[in-house]
Every structure is written in C-alpha cells, then in structure tokens.
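Residue numbers (UniProt numbering), protein chains in the order written: chain W, 1 to 548; chain R, 1 to 548.
Shown next, in structure tokens, is the structure this report addresses.
2 protein chains.
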Amino acid sequence: MLHWLKHYRRELLAGDISAGLVVAMMMIPQGTAYALVAGLPPVVGIYASILPPIIYALFGSSMTQSVGPMAIISLMTATVIGPLAPAGSALAGVLAAQLALISGAVLLLCGVLRMGFLANFFSRPVMSGFTVGSALVIAFDQLHTLLGAELPHLHAPSAAMGVTALLLLVLSKQYLAGLLKRCGMPAGVADIAAKLAPMLVVLGGIVLMATTDLAAMGVRTTGTIPGGLPHLNLASSSAHWKPLLQPGLLIGFIIFLMSMSAAQSLALKRNEKLVSNHELIGLGAANVASALTGGFPVTGSLSRSAVNFAAGANTPLASLITAALLACALMAPTGWLSLLPLPVLAATIIVAVLGLLELGILRTAWQYDRGDVLAWGATCLGVLVLGVEAGVVVGVALSMGTLIWRASRPHIAVLGRIAGTEHFRNVERYPAETRPELLVLRIDANLFFGNMEAVAERIECELATHASARHLVLVMTAVSSIDTSALYAMSELNQSLKRRGIGLHLAEVKGPVLDRLRNSELLRELNGRLFLSTAIACDHLQTAKDVA
Amino acid sequence: MLHWLKHYRRELLAGDISAGLVVAMMMIPQGTAYALVAGLPPVVGIYASILPPIIYALFGSSMTQSVGPMAIISLMTATVIGPLAPAGSALAGVLAAQLALISGAVLLLCGVLRMGFLANFFSRPVMSGFTVGSALVIAFDQLHTLLGAELPHLHAPSAAMGVTALLLLVLSKQYLAGLLKRCGMPAGVADIAAKLAPMLVVLGGIVLMATTDLAAMGVRTTGTIPGGLPHLNLASSSAHWKPLLQPGLLIGFIIFLMSMSAAQSLALKRNEKLVSNHELIGLGAANVASALTGGFPVTGSLSRSAVNFAAGANTPLASLITAALLACALMAPTGWLSLLPLPVLAATIIVAVLGLLELGILRTAWQYDRGDVLAWGATCLGVLVLGVEAGVVVGVALSMGTLIWRASRPHIAVLGRIAGTEHFRNVERYPAETRPELLVLRIDANLFFGNMEAVAERIECELATHASARHLVLVMTAVSSIDTSALYAMSELNQSLKRRGIGLHLAEVKGPVLDRLRNSELLRELNGRLFLSTAIACDHLQTAKDVA
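Right under this line is the structure:
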C-alpha cells in the first residue's frame, strides 16, 4: 500500500501528469455516457470517477489501472435497477449506490478471505463471448437515443446529429492519428491526441446546441448538471436491499473479472506483478467509496487504462491527478455540460463499446479448439437472448462444464517394457512388451471427484480386454493429488479387485500423495503392494509368479 | 434396452419374484409417506410407483435400481409447489405432475446430448452434506405430524401413537433381524423380513384406528384413497409453467445425482456396468411417465434399491412385478388404506430419512482432507439455513470452488540433472545439479484457464530467484492438454521472455499436445526450440553457450 509513493522519483512526474490530464478529458464524456447506460443522472458518472480511483490508488496493486465507470458494469446496473425505479430518478441513484455498496462489500470480503482464485472461474473464450454479447446489447440499446426515437421511426434533427457524430468518431478512430502524424506531430503524441476525439465531438455538440435552435426542434440534452462535489450519500431505503443482494454478488464478480483482465494485459507489458487479493481489496474499497459519494458500481476499464498507460502513467499518481481535475471541473460552472446533446453521447457510447468487439480469439480457437468456439457462441447468445445476468451464469456454467467434461476423459496409457531396459512406455506409441498376467496402467491426471468415475470405468474396460491379468499395477507418476471422493473410489476398486482375486499395486507414488495416503485406510487394506518403481513392481510380480 | 429379457434364464425368476413382492410391501407405506412429504394426496405416491419403474426397466441400465418416490426429491417438490398451491389440493397434484414432466424432459434432453458427465458435478463430501441436511429438514418437518400439533404443543393420542410407532420402528431396525435369526430363521430371510417392519407397523396402526375411537379423539388419517388405476393426466394449467422451469432443472439434476450414486454402489457389488447416458434416458422417460399418470418426480432410491438387491432381484423383472402388485392393490378395495394414521406415517418417514444420516465420510475426510469436512459442513448448513434448492447451488459452487482452488495451485518442480546420468529430478527431493544460465521447470498439470495464471506467476517467481537464467526449459511430460486460454497465456509468456532476452524451450511435449500446438501460432513464434528430451535440451543449450 502506497509502496509506489515511498519510491517516487521526480522523473516519473511528467508521465503521470500528462496521463492524468488525458484521462480526465476522456472521463467527462465517458462518465456521463456510462451513467446514461446505467439509467442514472449524468453527473453520477463524474461522481463515480473522483473518490473511487483515489481509494483504489491506496489499496490496489496495478500501477496503471484506471478505475471508474465501465460500459458492461453500467449495463448490469441498469438491468438490476431498471425494474425497480424510473431511469434518471432519485430512487435510481440511491439504488445504484446501494448496489455499489453491496458489490464493494462482497469484493472486500473475498479479498479478506484471500479468494483471488475466483478470477479463474471464466475461460478466455467465455469472457470474450460475454464481453461481445454485452457490447452488442449496449450498442443496440443506444440506437434509439442516437436516432432520437424508437425504431423504425426517427427524429430527423437528432438522427442527423447522432449519425454525424458517429461518423466523425469512427473516422477519427481510424485515421486521426495517422493524419496528425503526417502533419508532423510525433507518433506518441498523435496517438494520444486521437483519443481525445470524443471530447472534441462532445464539445462540438455543445457549441451546436448553444448556437442553434436544435433544442427547440426536439434534440434532447443531458439537462441540468448540479455543480459542486458529491455529498456523502448513505443509502437509506432499506426496503430495496433484498432484491439487490444477489445481483450485487454477480456484479461484484464481474467487476473483479473485468478489472483483472484489464490490469493483467497491462502488467504483462511492464513485467509488473498483480496481487489478485490486493485487487479484490482495492476494487471493493473503491466501490464502497463510490457508494458513499453518490456514485454507482465501478471497475477498471481496459480501454481507459490502456490510454492511461499509453499517455505515460507510471504510478497511480496519474489517477489522483485525473480525480483532482474532475473535482475542479465540478466546482467550476457546469452549465455548459447541461447542453450536451444525447444523440452525440449515444454515438460516443456506441463507438466505445464497438471497441470491445475483439474477435481475434475466435480465429485462434477455430484453428485450435472448436469446443471453445462453441463456448464463445453460447455465452454471447446467452447474453443477447437471456440478458446480461443470466449470461454470467451461462458463462460460469460453460466454463465449469468444459472443465468437468475434459476431466471426465482422463488420459490413461497401457504401459509395456522397452525390451532390455527399465523403461516403460505407452504400448500404442512404442514397441513395448507386455505380459498376459500383468496389466500396467499409467494414470495421467490428478484423481478427484470429476474424473474418478471415468478412471474406474477405463480400468474396468482394460481389465475386460486383458482378461488373463492377475495383477494390476497403477503407475502414479503424474498423480499429484487424490481427493476424498477419489479415495473412496480407489477403496471400492480395491475391494472389487480383491473379490475377483486380482492384485492392486501402486508404483511411483509421489511423496506428498503418499504422505496423505498414510492417513487413510486404503493403504492398510490394499490388496497388493506399494512399489518404488514400475520395473521393481514387474520384476517382483514376475518372480512371485515363477515361485508359485 | 431389454438386453436382460433376451438372456433371461429360469433360475433368475425366484429371486425376482421374492424381491418384487418385498419391495411392493415396502412401497405402500413409503409411497404414501413421500407423497405426504411432497404435500400431495397419498395415492399420488402409489401412482408414481407403477408406470415409472416399468418405463425405467425398458430404458435404464441398472439391473437392481428401484425407481419411484424418494424423500429428498419429495422435499424439493414440496419446496417448489408449496408456495403455489395448498398442500393436498388438486392444483398441487397438477403442478407436481408438471414438475415431473419438466424434470423428465430435461433428463431426456441431457441423455440425448450425451451429458452423462454432469454426474461428476458434486464431490462425495458435498453430496453427503446435501443428503444429511435434507434428511434433517424432512425429519424436522414431520415432527408436528408425529406429535399431532405444532411444537411446543402436542395432541396426546396422536403423540402417543406416533412415538410408539417410532420406537417400534427404531427397535425393529436395530434388533428384529437378530431376533428372527435366533428364532431359527435363515440369516438372509431374517434380514429381508425385518425390512417389512414399516408395513407391519402401518397395518397395526390401521387396525388400531378401525377398532378404537382414536379417530373421534382427533388422530388424523390419510383419508379417502380413490381406487382404480391412475388416469392419463396431461397437466393443463399453462399459467404455472414458468415458475416451475428453473426448479424443474434443479430437480432433474438431483434426480440424476441421487439415482447414479444409488445405482453405482449396487453395480459395484456385482461388477455390473452402468451407462450414465442410458440412466439419463431411463430416468427422464420414467419421470415423463410419472407425469402422465398423475404422479410426481421420481428417482432411484438407495435404501429401496438395496432392499431389492438383498431380496434377490436379478433383473428389472423384479420392478415389473412390484409395479403389477401395486396396480392390483389399487384395483382391490382401498378403504382400509384410508384409515392409515398420519402420526404412524410420520414415524416411518423419520426412521427412513434418519437412515440417510451416513456420517462415515466425515471421519474419513477428517483424517484425510479437512477441506472436505468444511465443504460437507457448508453444504449441510446451506440446506438447513437457505433451503434445499439453494443447497444444491451451494453444493455445486463448493465443488467447483474446491476444484478451481486446487487447480490454482499446480505442482511445478525445478529440475536438476542427476550427476552422470540423463535423468532429471526435482531438486528439492534429489541431489540434482543445476546450472545458473539454465532453468528447467516440470509442469505437473494440464494447462487450462483455471491454473494458467498460477503457472505464469510461479514461472515469474522462479525466474526472479534464478536471475542469471538465460534459458527456460519447460518439461511437458505431465501436460496432456493445453486449452485456448492457456495457449494465450503461453504466447504472452513467450513474448514477455523474448523482450527480456530469455529463451523459452519446450521439452518432452506429448504427441497429442504437439499435434494441437501445430495449429497455433505459439510454435511458429516460439522464442526457443522444441526438444525431444530434457537431456538433449540441456546438452544443446550448454553447447550453444560454449560456442558463443
């Protein structure tokens, strides 16, 4: 905590200041836009961008993460509070803060219990499918704001403004950096400057509203934005806690997943180390802070953090500078912000979420593992058809289902001896010798509840094809753990083999596994012996037979 | 399907007839009792014991499984339909049939999609905790029926009858078989005869009600039981389908888990082979049949199947005989059944579910793996505090959580060469030689989304302690699969090592893994080489350095 402050060097300052400035300029349109996605008054988006990043800077472990409003979390917030309160109402604000408080508390609790491993509950294809599905939902939701009316109708002045803004944003995203470079701007500066296009388009929209009578023609704006800093807003309506509990849990989980995946891809570029349990604490505290200052659930955003990173952020000081600038903006007159036309804001949202449509993983998975393409598609479809919350559940179920499915087909090899050596190899891949009274199987997986049935079934299957076997030797080189369920299955196998007069022998059991097994009855009742190596086992069992 | 009928031999018949008779005698009190647990008219329990076992006999793969009403499934049914319809009402019956139809359809679908691996979603400790928690809930729920009033009150005549029945049942369970043996009955017959105690106690209760005026004193009975066979009852009230969908899914899952665990423990005793996908089909069809004949969700019951097995059942013919006998019982005058006193029925339920309190696994887990004791306790508590449906979710979450948690700490060993040999071993366990410019790590786990972060972290950690390493060799002997997420993580590691000027080499990659990797970009961009063996890798990297 504040490790970075202790070792702060002056040469880091320039980068931090420039990043802080750039992200602040980005945050004003983004914060207001994502508050709109969440169905909240625009100013809530700015509130959620002030205290949360400051708190995250104190507890989090990423140097360049930018914590604040994020599109998908805003969508989830809207899904939860939409049915409970009208969009933009005071009640919606209170509920959003309560939701942030619950999510924050869940994250803090998980952090204290050191449950950072929860980040591993989603596979990458599932995460990507979830993100793409959510991005499409958000983009589609914004269409009617962009066009000023529900499809198939449109409000011509709004639509003209929205579509123009959309085109400007898409073109600037594609070509502005190149154009600025050709005009002689240094490459790095040009890339950053291009990121400020949304702010410029928004300013253009405000100027247009101020100088023309578009408002009278029915183009909607964000409306009054109250000045001043957010008040301490301890949510009061206790009647609404219960329906928020389960969604709060889900949102906390996604906050963590989104933030970790953003932070990881940046940490990798600088060989920084992320501590997942610190991230839980940092994000949890940031969400509690958001709740206490009238905000809504926040997380680390990959797009914004990447800009922060590219603009030179060296330490969380950059985020502190962003927060300070936003606080100043709120204390200055905010009348101009109230003229921000909603179609323009919708255009910035659509362009931002279309940036989440990263489909590279689909190509990789198509070549490498078609099952992952299926998981991607099912998660994406789950979000589109069943909604974003059900999408999370579908995603977890698919990740876990894939895991259990893969576990249910463990690799087991029949081994034979390479003639004249002490080496034993898979008989399917090597010319190895087997003996009819001896079946040697190597189990290439840890034994646990998810694969014990499959292992037992495979063993029975091999015993059926090697009907003359009197001894079964299990080679345990690749088994690093045996859980209680698998221990039971092994005991049952042992008893079954005993009844059939077949010896069960274990060879090359790893030290830690053996230490564990000594506390169980399996070893005491084993209908055979423990051997240090497969070769010793086979020699011994052969000699025993010859003597008999 | 009907494989057993084709190979039927006459000498199997005696066992099947005796088992069919015994289970029919057991089914009358059990079926009515479990209908009571589900909040349904008692006759529904008999209906659910006729067509379902016949249909299961056609499609299922277990020879001795007795499919019909089961305590925990009845409890789950009650939890779902209780809030929607008054106990014992006609609507409750319709909803229960709809629930059976949904569960049956889900099971059939899973069977057609060959999703038998779903049985592996619960670890044994979690399954045991779930069963124990449910048994306690059922026993506690029956207390007020046993005592004739809500605690702390009691209705003296009912309580006297209930407690007497309870004592008789507990004593006969404990001592009756021994007593009969001492009276000269053969051991096997005595064990079976003792299982008929519930039927005798129930008959005693009926006689008591018929001959005394206990009914006038307020002892409640099951009331009129309509005679005749069940009608085809296609559920009609479409308004209630939606709230039944998700519970139907959960119940289907538990039906499958309960039945598989019962069938497995019996199949093991006779070396029979269960096919999980056939079980899904068999159970699914049985539940659809139950729905169509006015029944409720059914599954294989361990206690009843064990009696079936012990009474000599050789093939599903035993179940067909049971079904035929029950159908006859319904066609005979059923007036006597209407006198069955509820306190006695409650006593049979309590004794039956207390038989589910199998705590042996706790002792094993306590000695072997304390984490599993925790999982047991959390699931049991989840059922007791949050209810049986939430208990399933808690159980799955805990099983999966344990899995991901274990996966997040993969075993990785630093290898060194045993001097003068080609063998490489864990330096912590063997006196093996390492070289400062070379770091050799053996990864003892399949690489997938659940452990890739942990693997990457561990590699970074080892690189930090071996700061002079210029080459990293990953020994892949134990890696049988690399999923898409892990492929990404490996590519990121490769790029990161490239930037730092460290070579990444892979040794002893298994054939199937290598085949897969050839479809990926990782091999093309690998910042190092593939080696057949660790020894070749080390020799080559050493020579390369000497030449340089």
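C-beta atoms are modelled at their ideal positions from N, C-alpha and C, and glycine is treated no differently.
Do you know whose CA, among the options, lies nearest residue i's CA?
i: ALA332(R); options: ALA57(R), LYS173(R) and GLY227(R); result: GLY227(R)
i: GLY82(R); options: SER62(R), GLY184(R), LEU40(R) and MET63(R); result: LEU40(R)
i: VAL473(R); options: ALA507(R), ALA486(R) and GLU279(R); result: ALA507(R)
i: LYS510(R); options: THR434(W), HIS540(W), GLU428(W) and PRO436(W); result: GLU428(W)
i: LEU305(R); options: ILE17(R), SER62(R) and ILE55(R); result: Rather than Leu, the amino acid found at residue 305(R) in this sequence is Ser. Checked all of ILE17(R), SER62(R) and ILE55(R); the closest Cα to SER305(R) is SER62(R).
i: TRP366(W); options: ILE46(R), GLN142(R) and GLU521(R); result: GLU521(R)
i: LEU229(W); options: SER290(W), ALA215(W), THR211(W) and ALA263(W); result: SER290(W)
i: GLY205(W); options: LEU166(W), LYS173(W) and ALA262(W); result: LEU166(W)
i: GLU279(W); options: LEU438(W), MET260(W) and GLU457(W); result: MET260(W)
i: ARG500(W); options: PRO410(R), VAL80(R), LYS269(R) and THR221(R); result: LYS269(R)
i: ALA97(R); options: ASN287(R), VAL201(R) and VAL388(R); result: ASN287(R)
i: ALA190(R); options: LEU203(R), LEU176(R) and PRO198(R); result: LEU176(R)
i: ALA267(R); options: GLU460(W), THR543(W), LEU58(W) and GLU11(W); result: GLU460(W)
i: SER408(R); options: LEU108(W), LEU5(W) and ASN120(W); result: ASN120(W)
i: SER49(R); options: ILE321(R), GLN174(R) and ALA346(R); result: ILE321(R)
i: LEU36(W); options: ALA87(W), VAL22(W) and GLY20(W); result: ALA87(W)
Between which two residues does the beta strand (DSSP E) containing residue i stretch?
i: HIS3(W); result: Per DSSP, HIS3(W) belongs to no beta strand (DSSP E); it is in the alpha helix (DSSP H), 3-6.
i: LEU474(W); result: 471-475
i: ASN314(W); result: From DSSP, ASN314(W) is part of no beta strand (DSSP E); its letter is neither H nor E.
Bridge partners of residue i, per DSSP?
i: residue 549(R); result: Residue 549(R) cannot be examined here, being either before or after the span of chain R that is shown, 1 to 548.
i: GLY503(W); result: HIS471(W)
i: GLY300(W); result: VAL67(W)
i: ARG425(W); result: GLY416(W)
i: PRO341(W); result: THR221(W)
i: PHE531(W); result: ALA507(W)
i: ARG435(W); result: LEU438(W)
i: LEU447(R); result: ILE482(R)
Residues of chain W with a CB under 7 Å from the CB of residue i: which are they?
i: HIS411(R); result: SER480
i: ASP369(R); result: ASP483 and THR484
If you follow the alpha helix (DSSP H) that residue i is part of, which residue opens it and which one closes it?
i: PHE140(W); result: 124-147
i: PHE117(W); result: It is not in any alpha helix (DSSP H) - PHE117(W) carries neither H nor E in the DSSP assignment.
i: ASN277(W); result: 276-292
i: ASP515(R); result: 511-517
i: ARG270(R); result: 241-270
i: ASP372(W); result: 370-386
i: ASP191(R); result: 187-194
i: PHE59(W); result: 51-59
i: LYS181(R); result: 177-182
Below 7 Å on C-beta distance, what does residue i contact in chain R?
i: ALA365(W); result: THR484
i: ILE404(W); result: PHE117, ASN120 and PHE121
i: TYR488(W); result: ARG124
i: MET400(W); result: MET400
Could you tell me which chain R residues have their CB closer than 9 Å to the CB of residue i, listed as they occur along the chain?
i: ASP372(W); result: ASP483, THR484 and SER485
i: ARG429(W); result: GLY511
Kindly list, in the order they appear in chain R, the residues whose Cβ is closer than 8 Å to that of residue i.
i: ALA119(W); result: GLU453
i: MET63(W); result: Chain R residues near MET63(W): none, gap ~16 Å exceeds 8 Å.
i: PHE448(W); result: SER123, LEU403 and ARG406
i: GLY129(W); result: The premise fails here: GLY129(W) is roughly 12 Å from chain R at the closest Cβ pair, so nothing lies under 8 Å.
Which residues in chain W have a C-beta closer than 8 Å to the C-beta of residue i? List them in chain order.
i: ASP444(R); result: ALA478 and SER480
i: VAL114(R); result: A small fix is needed here, since residue 114(R) is Arg in this sequence, not Val. The contacting residues do not exist; ARG114(R) stays about 10 Å from chain W at best.
Query raised in the report: Are the stretch 58-78 of chain R and the stretch 280-288 of chain R touching, with three or more C-beta to C-beta distances below 8 Å?
Result: Verdict: yes, contact present.
Report task. Report yes or no: do three or more beta-carbon pairs, one from the stretch 471-491 of chain R and one from the stretch 505-520 of chain R, lie closer than 8 Å? Result -> yes
Query raised in the report: Does the pairing of the stretch 113-131 of chain W with the stretch 427-445 of chain R give three or more beta-carbon distances under 8 Å?
Result: No: fewer than three Cβ pairs fall under 8 Å.
Query raised in the report: Below 8 Å, can you find three or more Cβ-Cβ pairs linking the stretch 241-261 of chain W to the stretch 88-108 of chain W?
Result: yes
Query raised in the report: So, do the stretch 129-139 of chain R and the stretch 375-383 of chain R have three or more beta carbon pairs nearer to each other than 8 Å?
Result: Touching, yes.
Query raised in the report: Should the stretch 24-32 of chain R be regarded as contacting the stretch 42-51 of chain R, the criterion being three or more beta carbon pairs within less than 8 Å?
Result: yes
Requested in this report: Would you check if the stretch 419-437 of chain W and the stretch 449-456 of chain W touch, i.e. whether three or more CB-CB distances between them fall below 8 Å?
Outcome: no
Query raised in the report: Just checking, does the stretch 384-399 of chain W make contact with the stretch 410-421 of chain W on the three C-beta pairs under 8 Å criterion?
Result: no
**Report entry** At least three beta-carbon pairs within less than 8 Å, the stretch 309-327 of chain R to the stretch 13-25 of chain R
**Finding:** yes
Query raised in the report: Does the stretch 156-175 of chain W come close enough to the stretch 357-377 of chain W to have 3 or more Cβ pairs within less than 8 Å?
Result: no
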